[in-house]
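One structure below.
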Amino acid sequence: MDSHAATVEAGLHHRDPELHNQFDTLEQQKDTAHLGMWVFLITEIMFFGGLFGAYLVYRNLYYPAFVAGSNSISIFWGTLNTAVLICSSLTMAMAVHSAAIGARKLLVGFLSLTLLLGLIFLAVKGKEYYDKWTEHHVPGANFHFDDPERPGEAPVPADVASQTSIYFSLYFAMTGMHALHMIIGVGILLALIWKASRGSFPPHHYTMVENFGLYWHFVDIIWIFLFPLLYLISRTPAMH
Amino acid sequence: MSTATQVPAALEMPRDTYLNAGYGVKSWFLTKDHKRIAILYLVSITMFFLFGGLMAVLIRLELLTPAPDLFQSDTYNKLFTMHGITMVFFFLVPSIPATLGNFVLPMMIGARDLAFPKVNLASWYIFMIGACFTFSAYISGGVDTGWTFYTPLSTSYLNTHVVAAALGIMIAGFASIFTGLNFIVTTHRMRAPGMTWFRLPLFVWSMYAVSLVQVLATPVLAITLILVALERGFHIGIFNPQLGGDPVLFQHMFWFYSHPAVYIMILPGFGVISEVIPCFSRKRIFGYSAVAFSSVAIGVFGFLVWAHHMFAAGISTYSALVFSLLSFIIAIPSAIKVFNWTATMYKGSIHFNTPMLYALAFIGLFTIGGLTGLFLACLGIDMHVTATYFVVAHFHYVMVGGMLVAYLAGLHFWWPKMTGRMYPEPPAQLSALITFIGFNITFFPQFVLGYMGMPRRYHTYPPEFQVLNVLSTAGASVLAVGLLLPMFYLLWSLKYGEIAGNNPYRATGLEWQTESPPPMHNFHETPIVTQEAYDYESMNEEEVVIG
Amino acid sequence: MLPQYFPLFPESASTLSPRVDALFFFIFGVTIFFTVLVALLICVFAVKYRKDKHPVPVQIHGSIPLEIFWTLVPLGIAMVIFAWGAVLFFQEKHPPKSSMDIYGVGKQWMWKFQHPGGQREINNLHVPVGRPVRMTLISQDVIHDFFVPAFRAQMDVIPGRYTYTWFEATKPGVYHLFCNQYCGTKHSGMVGEVTAMSPDDYEAWLRGAGAFGSLATHGQNVFASMGCPTCHTGADNARGPNLYNIYGRMERMSDNRLVHVDESYIRESILNPSAKIVYGFQNIMPTFQGQLNEDEMIELIEYIKSLTYNGQLLQLQTNTQQEPPVNLDKIQKGVDVMQPGTNTTPMPRTSAVPVTQEAQEPSTAEPAPRQVVVPGKQKAPAKPSTTARPKGEQHP
Amino acid sequence: MSAAGEHIVSPKLYVLIWIILLCFTGLTTAAAFGDFGIFNPIIALAIAFTKAILVVLFFMHVKYSPRMTALVIGCGLFFLSILMVLTTADYISRGWMF
Ligand code: HEA
Ligand code: HEA
Ligand code: CUA
Ligand SMILES: [Cu+2]
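Residue numbers (our numbering), protein chains in the order written: chain A, 841 to 1080; chain B, 4 to 550; chain C, 3 to 398; chain D, 35 to 132.
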């Protein structure tokens, strides 16, 4: 626990310019930043947890509506976006790796790739939202849900059709909150790329890149759950 | 390092303190010093408290008579809503953590600052931005949802500024999250050499438990309020029964935060009391680890009982049973604490300084407040008293009689550390007494009213309830005196108070070993801890100078 | 001061009141005991060990036996309170079988009550003494709460879903009725009175209250006008299940769940028919969402409840029926409902599609034969039906 | 306790994990087209959890981080499960009657 005790003196005397005042050693500083980031991520878990909880409740209450709703969204784009995010996670991990080995050009490159993939994700999401908008599947005044996606099937009963509004509310709330996190991520990425290109992340001081990596992977993980929950698991009317 | 400095005959103010490290506006508003941020918080929440108190006074005045004479009912509804929101989210939740905690926690563990000073400053700004949102809703006409924002009333039936108020609370919630995050990481990573977990002062333990709750519960409130805002804005159906939503789900999500939040509102108080009682009994705390673990137990179990606010709300009978059982279990750690504090006084050498008076008041009032929680947790009784003044009395006993009193205890206790000057003892003792008496006159009658069936949030009431209401209002005016007095003598002491010296109470704890007010980075050299907390034995060997 | 001007304890006027009060006094005792104990200890210590008297404190670390003692004793007491409270709660939750039903609808900011005989009241509720009354409550807008302190009875009133509470008044008198869930501007004005009367007075009151046909007869009208009989003919080969005797039994659903048929279930079946499909039937029933108000829903439910072979449920009914007017608008609506658009799939003539052994015995052990009965027509002996059924609505 | 991230993971491992993740994505999408009744959500969620664990362990370096990190995550999941379990318990048991 107090591994830094021994190095207190050393730390106090020749302080690294990167070492903040309240810390004794760079190692302590780095450890602290990591812990802080992880604690922040669990607050994010709880934040999305509220939505997941609502999802769980309503899926059990209105399973048929969830079937109808999730059949109306496109698995293709969903899968594509999942793949895009997974790729961006790889590039992010590689970016952290490049920072660790001190390869500045690679770092900038991988960060930019991550940014690009993030933007692709958002663009696809935008397209999906646009489709929903034209289909009047956005909850609110213009909402109406009539025919199922797949032709040749029985139409959705009127009560189920009106309950799909709950499914779509959750769909938009969940993917919207996720997209918001992506947008914030993209903003931070821009800043990181700029800083990285100026060489602000030497090998012993890239905690910021690392922590951002954690954030980005976390957002990826959220999507890894949103994808099956919203797109995949409610397609078959059989299960309840 | 282990001995406090000798007390010289004539004390002098230390030369380099955090207070004179800079004077400009910038030096305050851009400070990263946890002590200055604590002061920023202190000033802001005092303002909010006065505002909330003003609302309370207006509520009590209206309730003097059964008839609606001062306000229209919608005004009255706005009053208690603004009272509740302000007091809970803008006063009591940040009260001890963000002011006293911010100020002393790093010092207690021997750190130069919190782990993330910038985040700390940001959290104050976030808090103030949240306050701006919520207060903008107040100014532009008020909100009348009740502090609980129950749907579908809040989402579909009111035309006040619910969204602004809710978003403000959500934003302020993030301030609370960041404070908690900072404390957790600081406690884990920044302890001075030799400061093991079981040498931590109990205040740190309870702040740690609070921080866990803040970090884990507040995000759920945030998303819930976002959903409320979305539902208002876009008419989506998550909580709206007309669109298939379930309004009771809102209550689940709200209380998932707000029950743990009541422990956010009491645990810091427990921490303060655990510091004050040993100090003024000149004695180590009785059962250190029992008190420490019970804090953590309250923090954790606090997450398991939220639906006891919903017994009459149409939840399933069986889950009501489970939540009731768990609510009784959560009462036990509090009981452990009460008994340990009491036992600490046994064979002590008791000094009646103001913090101690407040602490004693705390024990008594909290015991009553907590035990009346048992009535509410008891299914059979709650079905009668829920949402009556019995509940109002219960939570004022724990929140005002408990936490507010503990906050005052802590404020007086650390006042010399924060300002370098003593508060004047006689008026302070007097105001503690007035507060205690006024408090009981205000809120005890409300238990009786509640059992008789007087509903809360009622603007008018049947005439047979009047006598007790008059009593309550009378008590509130006494209480107001007791609570306003400190504002005057504390401000007075800033200039004229006696110079305190490093450790006026000869208390243990690292915060007392540095100067008062402390220097910029708390300690001139990193302290090394060699003893357990509350080692009053060695403290007492020094000369007795305490007042 | 005279107690009547300065009461300190609520009136006790129901069978539950003394039980609630007993538990209350028990916890009160516990509270007094611990408060006095703690206060006394503090005072004694404060006096005995004050600094002048006891300048040298004795350092004590703690005591494990004591810790265990004061953990287990409160725990034990708490468990007693819990258990007692839980038992009481079950009594509060489970109305006796013999209860009579009264319906309450809350809306901003008034209460509407309906007696089975069709008597309606606003902000007033008349109940007989000595007879358990089960309140079936629902809100038209926000959450309200039905609270009669003298009866120690309270329950939230939620939009979209029935909640229940019950009481048995023991003393004639007039008692407060409060809305005890904050419901907007005039929350504190949403108050009323509950008048408990002797059974005879109550009968007299019922007769004088000018009912306009019982709830069930109104319900029968609604039933007809909404077009329900087109499917619920009661015939074996009808598209919808026979509704006779369904109330109170366990019904098997198509996913083999057993569901208890109560007011909530019937309501759900009408508004949200896809949620639970009766075993052996298809999901063809249209939703009546937005076409029925809460009052009509209650009437429908009372009607379906009255569809029993022995007619027990109708005993309460008073004899004040007149010919209820046939609502032509409703008939029109009922026809609309049946129009294509909602249901375009060809409907099978017989509903029992999978003719398995089980399909023949869809419900549980109950011997409720699904006879060829048109509800409310041929075989409803106990239901004094003078209602004119709109002929056009008959299933061909 | 050593600082997280000291351990340098080889890019090869990253690529391997990436390939596994993509395969799982394909698998879960494919599985969605089959009708396995109750198993549809189970399969999909099992795959999602596996993917998430892979990301956490390797991309987020938890495999190489101090135990504290795992503890923090465990803590978050624990409280999340409280929210989920106790809330759904209410909805599930509402219909019960004894
Ligand atoms: C600081 C805040 C705080 C604290 C600490 C508590 C503590 C407790 N509260 Fe309270 N409560 C509120 C704030 C708080 N509450 C608020 C704000 C509301 C209303 C919200 C609203 O609707 O607006 C509320 C409402 C509320 C309700 C819902 C009432 C209703 O609306 O119907 C319930 C029900 O169970 C309850 C129970 C409890 C219990 C069991 C405790 C326990 O933790 C208490 C434990 C303490 C003791 C038991 C005393 C010490 C013990 C002894 C001296 C030993 C003897 C002990 C035994 C024999 C067990 N509270
Ligand atoms: C921290 C929490 C806190 C605190 C400290 C208080 C303090 C007080 N409260 Fe509050 N109260 C709540 C939290 C709190 N309350 C909550 C959460 C509710 C529920 C709201 C809801 O239903 O939604 C509530 C509701 C509530 C009600 C019920 C309203 C109703 O249901 O209709 C009442 C009634 O008596 C009341 C009274 C008081 C009184 C007399 C005080 C006193 O202790 C206040 C004493 C303080 C002062 C007297 C300050 C003195 C200041 C001045 C006199 C003004 C001077 C002004 C300037 C100089 C600018 N409160
Ligand atoms: Cu209706 Cu309050
Ligand atoms: Cu609570």
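Heads up, the beta-carbon is just placed ideally off N, CA and C, and yes, glycines get one too.
Output, in chain order, the set of chain A residues within a Cβ distance shorter than 9 Å of residue i.
i        : result
B:His524 : Asn861 and Gln862
D:Leu79  : Phe1065, Pro1068, Leu1069 and Ile1073
D:Trp52  : Ile926, Cys927, Ser929, Leu930 and Ala933
Sort the options by Cα distance to residue i and report the nearest one.
i        : options                                   : result
C:Ile300 : C:Gly87, C:Met137, C:Leu25 and C:Ile70    : C:Met137
C:Arg21  : C:Phe92, C:Leu68, C:Glu69 and C:Tyr105    : C:Phe92
B:Thr370 : B:Ser76, B:Ala334, B:Pro281 and B:Ile187  : B:Ala334
A:Glu884 : B:Cys282, B:Ala295, B:Val231 and B:Ala220 : B:Ala220
C:Phe283 : C:Ile70, C:Ala198, C:Glu253 and C:His220  : C:Glu253
D:Val90  : A:Val897, A:Leu881 and A:Ala905           : A:Leu881
C:Cys233 : C:Gly242, C:Asn295 and C:Asn182           : C:Gly242
D:His95  : A:Phe916, A:Thr919 and A:Ser929           : A:Ser929
A:Thr974 : A:Ile1064, A:Val1059 and A:Ile913         : A:Ile913
B:Thr375 : B:Ala390, B:Phe365, B:Tyr400 and B:Gly351 : B:Tyr400
C:Pro9   : B:Asn23, B:Met457, B:Asn472 and B:Phe468  : B:Phe468
Which chain D residues are close to residue i, counting only those with a beta carbon under 8 Å from its beta carbon?
i        : result
A:Ala923 : Leu56 and Thr59
B:Leu270 : Within chain D, no residue comes near B:Leu270; the closest Cβ sits about 16 Å away, beyond 8 Å.
Could you please give me the residues that DSSP links to residue i through a beta bridge?
i        : result
C:Thr179 : Sequence check: residue 179 of chain C is Leu here, not Thr. C:Gly194, per the DSSP bridge assignment.
C:Ala104 : The question names Ala, but residue 104 of chain C in the sequence shown is Ile. C:Ile104 is bridged to C:Met137.
C:Thr165 : C:Leu139
C:Gln116 : C:Tyr105 and C:Arg122
C:Gln156 : C:Phe149
C:Glu253 : C:Val261
A:His937 : For A:His937, which the question treats as bridged, DSSP gives no partner whatsoever.
C:Ala2   : Nothing about residue 2 of chain C can be reported from this structure: the residues present for chain C run from 3 to 398 only.
B:Pro100 : Answer is none; B:Pro100 lacks a bridge partner.
B:Pro458 : B:Thr391
Residues of chain B with CB under 8 Å from residue i, in chain order?
i        : result
C:Pro112 : According to the sequence as given, residue 112 of chain C is Met; it is not Pro. Those do not exist, as C:Met112 stays about 15 Å from chain B at its closest Cβ, beyond 8 Å.
Along chain A, in chain order, which residues have C-beta atoms closer than 8 Å to that of residue i?
i        : result
D:Tyr48  : Leu930, Ala933, Met934 and His937
B:Asp116 : Asn861 and Gln862
C:Pro161 : Chain A residues near C:Pro161: none, gap ~16 Å exceeds 8 Å.
Using the beta-carbon of each residue, which ones in chain C are nearer than 7 Å to residue i?
i         : result
A:Val1000 : Ser276
For a contact meaning CB atoms closer than 9 Å, what does residue i contact in chain B?
i         : result
A:Phe985  : Chain B residues near A:Phe985: none, gap ~12 Å exceeds 9 Å.
D:Ala123  : Ser319, Tyr321, Ser322 and Val325
A:Ile1006 : Ile239, Gly240, Ile241, Leu246, Gly247 and Gly248
Residues of chain A with CB under 7 Å from residue i, in chain order?
i       : result
D:Lys85 : Ile1064
What residues of chain C sit near residue i, judged by a beta carbon separation below 9 Å?
i        : result
B:Gly176 : Residues of chain C passing the Cβ test: none, with the nearest at roughly 22 Å.
What in chain B is Cβ-close to residue i, meaning under 7 Å?
i        : result
D:Ser127 : Ser319, Tyr321 and Ser322
Cβ closer than 8 Å: which chain C residues qualify as neighbours of residue i?
i        : result
B:Tyr392 : Simply none; closest approach about 11 Å.
List, in chain order, every chain D residue whose beta-carbon is nearer than 7 Å to that of residue i.
i        : result
B:Phe573 : Absent from the structure is residue 573 of chain B, since the part of chain B shown begins at 4 and ends at 550.
Discussion item. To be precise: take each residue of the region 1022–1055 of chain A, compare its Cβ to all Cβ atoms of chain D, and keep it if any distance is under 7 Å. Which residues remain?
Written reply: Within the region 1022–1055 of chain A, the qualifying residues are Glu1050 and Leu1054.
Worksheet item: Taking any Cβ of chain D, which residues in the region 304–327 of chain B have a Cβ under 9 Å from it, in chain order?
Response: Phe306, Leu307, Trp309, Ala310, Met313, Gly317, Ile318, Ser319, Thr320, Tyr321, Ser322, Ala323, Val325 and Phe326
Worksheet entry | Cβ-based contacts, 7 Å cut-off: residues of the region 895–918 of chain A near chain B | Within the region 895–918 of chain A, contact with chain B at the beta-carbon level (separation under 7 Å) is assigned to Val897 and Tyr902.
Worksheet item: Where the beta carbon is closer than 6 Å to any heavy atom of ligand 3, which residues qualify, in chain order?
Response: C:Gly108, C:Trp111, C:His146, C:Cys181, C:Gln183, C:Tyr184, C:Cys185, C:His189 and C:Met192
Fill in: Contact set between the region 968–984 of chain A and chain B, restricted to residues whose Cβ is under 7 Å from the partner
Per Cβ criterion, the list reads Pro979, Gly980 and Ala981.
Discussion item. Counting only Cβ-Cβ distances shorter than 8 Å, please list the residues of the region 75–90 of chain C near chain B, keeping chain order.
Written reply: Listed in sequence order: Pro76, Leu77, Ala80, Met81, Ile83, Phe84, Trp86, Gly87, Ala88, Val89 and Leu90.
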